[in-house]
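A.B. asks:
Residue numbers (the working numbering): 69 to 300.
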């Protein structure tokens with residue numbers, strides 16, 4: 069959905085042309101163990117990040133660990149954004165030890181990796197450090213990560229920052245990729261993500277649209293309850 073006519077200057081920043089998104093182990097069992105951050109908020113932020121990648125046409129690498137034996141399937145909210153993409157299944161805690169994951173990142177041709185995952189101290193820190201060792205620049209999306217306690221998460225973030233990674237958030241990534249509100253090719257989709265996922269910011273946008281500029285109110289599709297399962 070990115071505007072083919074737009075070309076943002078780089079100069080050390082993320083652009084739709086220079087980065088790949090890696091989402092690591094956003095799975096139920098991994099989320100169960102998170103205590104340093106609100107778990108529903110992690111889901112919300114990660115889905116917003118995924119939608120951002122789709123809007124700007126970023127290559128995306130999804131990966132999961134021990135799906136059937138321990139971690140469960142990648143969250144359905146995340147799979148819904150990429151319904152045709154199968155996650156790369158691993159046995160390794162460190163994604164950078166998995167040749168298929170590394171090959172997928174290399175295939176993107178991008179040298180900047182936007183990376184998020186569960187848990188921060190292992191599934192995020194280890195591939196981040198090794199990817200940087202191999203010449204990549206890594207941006208860790210902190211509010212899409214979580215760990216078993218605050219100390220583990222905080223130590224992991226200190227470790228990757230000391231190694232040279234850049235800490236970012238889902239919102240900062242989206243705004244950095246958009247950067248210019250005159251880029252109309254992605255403007256409406258970005259505003260939809262803002263209103264759906266970014267709380268007070270989204271409410272402010274909706275208020276400005278409807279009360280100040282007299283635009284029609286946003287109408288989301290009605291929620292339909294799934295049919296109850298049949299018990300045998």
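Don't be surprised by glycine CBs; every beta carbon is placed ideally from N, CA and C.
Give every residue of the same chain whose Cβ lies closer than 6 Å to the Cβ of residue 232, excluding the five residues on either side of it in the sequence, and list them in chain order.
C.D. replies: For the purposes of this step, residue 232 is taken as residue 164 along the chain shown, with counting starting at 1. If we look at residue 232 and ignore the five residues flanking it on each side, its Cβ neighbours are 200.
A.B. asks: Give a yes or no on whether the C-beta atoms belonging to residue 161 and residue 194 are separated by under 8 Å.
C.D. replies: Along the chain shown, read from residue 1 onward, the residue named residue 161 stands at position 93. Along the chain shown, read from residue 1 onward, the residue named residue 194 stands at position 126. Their beta carbons are under 8 Å apart, which means residue 161 touches residue 194 by this criterion.
A.B. asks: Among 198, 168 and 99, whose alpha-carbon lies nearest the alpha-carbon of residue 138?
C.D. replies: Translated into the one-based positions of the chain shown, residue 138 becomes position 70. It is 99.
A.B. asks: Quick check on residue 103: does DSSP put it in helix, strand or coil?
C.D. replies: Working through the chain shown from its first residue, we reach residue 103 at position 35. Coil at residue 103, not helix or strand.
A.B. asks: Hey, would you say residue 124 sits closer than 8 Å to residue 245, going by beta carbons?
C.D. replies: Working through the chain shown from its first residue, we reach residue 124 at position 56. Working through the chain shown from its first residue, we reach residue 245 at position 177. Yes; because the gap between Cβ atoms is below 8 Å, this pair is in contact.
A.B. asks: In chain order, what residues of the same chain lie with their CB nearer than 6 Å to the CB of residue 278, ignoring the 5 residues before and after it?
C.D. replies: Sequence index remark: in the chain shown, residue 278 carries index 210 (1-based). Answer for residue 278: 285, listed in chain order.
A.B. asks: Could you round the C-beta distance between residue 236 and residue 208 to whole angstroms and report it? I think they count as a contact, below 8 Å.
C.D. replies: Along the chain shown, one-based indexing puts residue 236 at 168. Along the chain shown, one-based indexing puts residue 208 at 140. Residue 236 to residue 208, Cβ: 7 Å. Contact.
A.B. asks: Return the residue from the list 126, 94, 177 and 229 that minimises the CA-CA distance to residue 83.
C.D. replies: Stepping through the chain shown from its first residue, residue 83 is reached at position 15. Taking only the C-alpha atoms, the option nearest residue 83 is 126.
A.B. asks: I need the straight-line Cα distance from residue 227 to residue 190, nearest angstrom please.
C.D. replies: Locating residue 227 in the chain shown gives position 159, where the first residue counts as 1. Locating residue 190 in the chain shown gives position 122, where the first residue counts as 1. Using only the alpha carbons, I get a separation of about 11 Å.
A.B. asks: Please state the DSSP three-state secondary structure of residue 76.
C.D. replies: Within the chain shown, residue 76 is the residue found at index 8, counting from 1. In this structure, residue 76 counts as coil in the three-state DSSP scheme.
A.B. asks: Return the first residue and the last residue of the beta strand (DSSP E) that residue 185 is part of.
C.D. replies: Within the chain shown, numbered from 1, the residue matching residue 185 stands at position 117. 180-185 is the extent of the beta strand (DSSP E) around residue 185.
A.B. asks: Express the C-alpha separation of residue 171 and residue 88 in angstroms, rounding to a whole number.
C.D. replies: Locating residue 88 in the chain shown gives position 20, where the first residue counts as 1. Locating residue 171 in the chain shown gives position 103, where the first residue counts as 1. Answer to the nearest angstrom: the Cα atoms are 13 Å apart.
A.B. asks: For residue 282, which of helix, strand or coil comes out of DSSP?
C.D. replies: Here residue 282 is taken as the residue at index 214 of the chain shown, counted from 1. Assigned with DSSP and collapsed to three states, residue 282 falls in coil, not helix or strand.
A.B. asks: Would residue 128 and residue 121 qualify as a contact pair, given that the criterion is a beta-carbon distance under 8 Å?
C.D. replies: Position 60 of the chain shown holds residue 128. Position 53 of the chain shown holds residue 121. Yes, these two residues count as a Cβ contact at 8 Å.
A.B. asks: Terminal residues of the continuous alpha helix (DSSP H) containing residue 171?
C.D. replies: The residue you call residue 171 lines up with position 103 of the chain shown. Here the alpha helix (DSSP H) through residue 171 covers 167-176.
A.B. asks: How long is the line joining the alpha carbons of residue 136 and residue 143, rounded to whole angstroms?
C.D. replies: Residue 136 sits at position 68 when you count from the first residue of the chain shown. Residue 143 sits at position 75 when you count from the first residue of the chain shown. Using only the alpha carbons, I get a separation of about 14 Å.
A.B. asks: If the criterion is Cβ atoms closer than 8 Å, does the pair residue 115 and residue 91 meet it?
C.D. replies: Taking the first residue of the chain shown as 1, we reach residue 115 at position 47. Taking the first residue of the chain shown as 1, we reach residue 91 at position 23. No, these two residues do not count as a Cβ contact at 8 Å.
A.B. asks: Starting from the C-beta of residue 176, find all residues in its chain whose C-beta is less than 6 Å away, skip the five residues before and the five after it, and write them out in chain order.
C.D. replies: Start at 1 with the first residue of the chain shown, and residue 176 comes out as number 108. Closer than 6 Å at Cβ, skipping near neighbours: 88 and 127.
A.B. asks: In chain order, what residues of the same chain have a beta carbon less than 8 Å from the beta carbon of residue 112, not counting five sequence neighbours either side?
C.D. replies: For the purposes of this step, residue 112 is taken as residue 44 along the chain shown, with counting starting at 1. In the same chain as residue 112, and ignoring 5 residues on each side of it, the C-beta atoms closer than 8 Å to its own belong to 265, in chain order.
A.B. asks: Report all residues from its chain with a CB closer than 6 Å to the CB of residue 96; omit the five preceding and five following residues, and keep chain order.
C.D. replies: If you number the chain shown from 1, residue 96 lands on position 28. The answer, listed in chain order, is 140.
A.B. asks: Would you kindly work out how many angstroms separate the C-alpha atoms of residue 263 and residue 255, rounded to a whole number?
C.D. replies: Locating residue 263 in the chain shown gives position 195, counting from the first residue. Locating residue 255 in the chain shown gives position 187, counting from the first residue. Roughly 12 Å separates the two Cα atoms.
A.B. asks: Tell me, which residues are paired with residue 235 by DSSP?
C.D. replies: The residue given as residue 235 occupies position 167 in the chain shown. 208.
A.B. asks: Please confirm whether residue 181 and residue 206 have their CB atoms less than 8 Å apart.
C.D. replies: Counting from one through the chain shown, the residue named residue 181 turns up at place 113. Counting from one through the chain shown, the residue named residue 206 turns up at place 138. For residue 181 and residue 206, yes; Cβs fall inside 8 Å.
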